[in-house]
Amino acid sequence: MIFGSVAAVAVAGVVMVMPDANAAASTLGAAAAQSGRYFGTAIAAGRLGDSTYSTIAGREFNMITAENEMKPDATEPQRGQFNFSSGDQIYNWATQRGLKVRGHTLAWHAQQPSWWGSLSGSSLRQAMIDHINGVMAHYKGKLAYWDVVNEAFNEDGSRRNSNLQNTGNDWIEVAFRTARAADPSVKLCYNDYNIENWSYGKTQGVYRMIQDFKSRGVPIDCVGLQTHFTGGSSLPGNFQQTLSSFAALGVDVALTEVDVTNASTSQYQGLTQACMNVPRCVGITVWGVRDSDSWRSNESPLLFDGGGNKKAAYNSVLNALNAAGPTSPTTPPTTGPTTQPTTPPTTPPATTSGRIVGAQSGRCIDVPNSSHNNGTRVQLYDCHNQSNQQWAYTSSKQLTVYGNMCLDAAGSGNASAVQIYSCNGQSNQQWNLNSNGTITGVQSGRCLDVWGTGNGQQVQIYDCNGQANQRFSLT
Ligand code: G3I
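Numbering (mature numbering (1 follows the signal peptide of the UniProt record, and there is no 0)), first residue to last: -23 to -1, 1 to 452.
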């Protein structure tokens, strides 16, 4: 179905043109952005001079990973002598176009500088720490994510035997602690392949490590599932369960290196849909632009053919992204302003705890089934006096339920889900209670919004529009 990009509404003889929130986006990045996600690709610096390549990449994607140029062999070819020329070429190309950048990777058993080969034990450990510090200092404050550690597990869920592993089992957490101190602004990810099937040993091994890190306060923000459904692997039926299980540990998840043998449309559709179904699945990156750019070009695994033409899989991905959001946007006003209302003043609420009652529905913001699980999306429901509708507004702008869980925006874009999550002090869990009754997310600036008035209506964030479905009272 094709939706118009604007809607014309005649009011008292005046034709107003307003954005149609139903408009289907026509590029992968824009389609993903509708649900607050990104759609990325891996870029090789050496191909940027190819105009077919760079035109597609700049048009379709809004997150860029350097395919090889930020790896340890590229960035520190001699000890203490860093080289960011190729990495910066990609970084500059991306950011000049408004695209974000994902760093890949700081510590890995492969693509190490040759001088690491003559080190072991504490000297190799120190080299890894120095490498993380040197590279992260260069990109400090500039990147959205870093793959801090890559591919550290065996298929059976044990640790991969590598020179880094031989420096001591704590090498991974040391890498993450070093990374957090080096640049507190970037999200820190563990990245691996063959962790897509929930019942697979390697998936469970990585899951246990993330669980352990979260329980001990080792800084980790995200898990990257490479999602190489090539070389004999394919989309498992339980992929969404894997994503939501990792997410429930309190980390973001992302599909970081997607490619699929012969670009199976059903697998591309399925992997995209699985991500769309998990609020903390923040984005998808395909591992290259055209089939001819792929590390497995003989399997034609990408979304564009060698001539730069969109393949059938492209459409299956685009449609799944478009369907995800905004799925049921708020009804545009038939009269009223065509511009966004100005930000209302923020005043401390008269009451700092109670139920959050919708002005349009009269119903309360409710945690379904009194769930305490991270990632449970909140809804509207008939008001009652149970604890799953009792919220407290704290001095740090959190809206807490059950005392220790926070109202949390799963993304910052239009139609991002609003859920409960363990309180973590981040701005996606901070809200302004405004004098006009709106509740705006500190991170997104968008309004708490419901699609309708009935029991079970889900809560999202959306551009503030001044309507009653975005007004609430804490009483
Ligand atoms: O640039 C040299 C070229 O000068 C030389 O003539 C040629 C000879 O083989 O090699 C070229 O370098 C190659 C490089 O890619 C650039 O094309 C390397 O040999 C080759 O090993 C390297 O492969 C990369 C591979 O990682 C190395 O492990 C792939 O491009 C890259 O797509 C791949 O990416 C990895 C992710 O980082 C981690 N997950 C798996 C993924 C796929 O293997």
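We put the beta carbon where it would ideally sit given N, CA and C, even for glycine.
Q. Got a sec: does ligand 1 put a non-hydrogen atom nearer than 6 Å to the Cβ of Glu44?
A. Inclusion of Glu44 in the 6 Å shell around ligand 1 follows from its C-beta lying nearer than that to a non-hydrogen atom of the ligand.
Q. Across which residues does DSSP place His81 in a beta bridge pair?
A. Bridge partners of His81: Asp124.
Q.
Less than 8 Å between C-beta atoms, sequence neighbours within five positions excluded: which residues of the same chain meet that for Arg448?
A. Gly335, Ala336, Gln337, Asn413, Gly414 and Thr415
Q.
Suppose you measure from the CA of Ile187 to the CA of Glu150; what does that come to, to the nearest Å?
A. 10 Å
Q: Could you name the residues of the same chain whose beta carbon sits closer than 8 Å to that of Phe281, not counting the 5 residues immediately before and after it, in chain order?
A: Ile33, Val266, Arg267, Asp268, Lys287, Lys288 and Tyr291
Q | Coil, strand or helix - Gly335 by DSSP | A | strand
**Q.** Cβ neighbours of Lys77 in the same chain (closer than 6 Å, five flanking residues each side left out)
**A.** Sequence-distant partners of Lys77 (beyond 5 residues in either direction) whose C-beta falls short of 6 Å from its own C-beta, in its chain, are Met40 and Ala121.
Q. Which residue's Cα is closest to the Cα of Val378: Gly390, Asp189, Gly429 and Asp343?
A. Asp343
Q. Going by other Cβ atoms of all chains shown within 10 Å of its Cβ, with 16 needed for buried, is Ser221 buried or exposed?
A. Its Cβ being crowded by 16 or more others within 10 Å, Ser221 is buried.
Q) Using the C-alpha atoms, what's the distance from Trp428 back to Cys441? A) 13 Å
Q) Heavy atom of ligand 1 less than 6 Å from the Cβ of Ala87, yes or no? A) yes
Q: Identify, in the order they occur along the chain, each residue of the same chain with its Cβ nearer than 6 Å to the Cβ of Thr430, setting aside the five sequence neighbours on each side.
A: Once the five neighbours on either side are set aside, the close Cβ partners of Thr430 are Gln337 and Ser338.
Q: Compute the beta-carbon to beta-carbon distance between Gly388 and Arg14, rounded to the nearest angstrom, for a pair I have assumed lies under 8 Å.
A: 6 Å
Q: Measure the beta-carbon distance from residue 453 to Phe38 and round it to whole angstroms, keeping in mind my assumption that it falls under 8 Å.
A: What the structure shows of the chain is the stretch from -23 to 452, and residue 453 is not part of that stretch, so it cannot be assessed.
Q. At what residues does the alpha helix (DSSP H) containing Lys191 begin and finish?
A. Taken as a continuous stretch (DSSP letters only), the alpha helix (DSSP H) holding Lys191 covers Gly178 to Arg193.
Q.
Checking 7 Å against the spacing of the C-beta atoms, do Asn405 and Ala392 come in under that value?
A. no
Q | At least three beta-carbon pairs within less than 8 Å, the stretch 270 to 285 to the stretch 369 to 378 | A | no
(Q) Here's the rule: buried if 16 or more other CB atoms are within 10 angstroms of the residue's CB, otherwise exposed. What is Thr329? (A) exposed
Q) At a cut-off of 6 Å, is Trp272 close to ligand 1 when judged by its beta-carbon and the heavy atoms of the ligand? A) yes
Q. When the Cα of residue 518 is compared with those of Thr155, Ser210, Asp124 and Gln367, which residue comes out closest?
A. Lying outside -23 to 452, the shown extent of the chain, residue 518 is not represented and no answer is given.
**Q.** Cβ pair Asp50, Gln88 closer than 7 Å
**A.** yes
Q. In three-state terms, what does DSSP make of Gln406?
A. helix
Q: Run the CB neighbour count on Arg154, radius 10 Å, all protein chains shown included, and call it buried at 16 or more, exposed below.
A: buried
Q) With contact counted as at least three CB pairs below 8 Å, one residue from each stretch, are the stretch 188 to 197 and the stretch 232 to 249 in contact? A) Too few Cβ pairs lie closer than 8 Å, so no.
(Q) Using only the alpha-carbon positions, how far apart do Glu173 and Ala158 sit? (A) 30 Å
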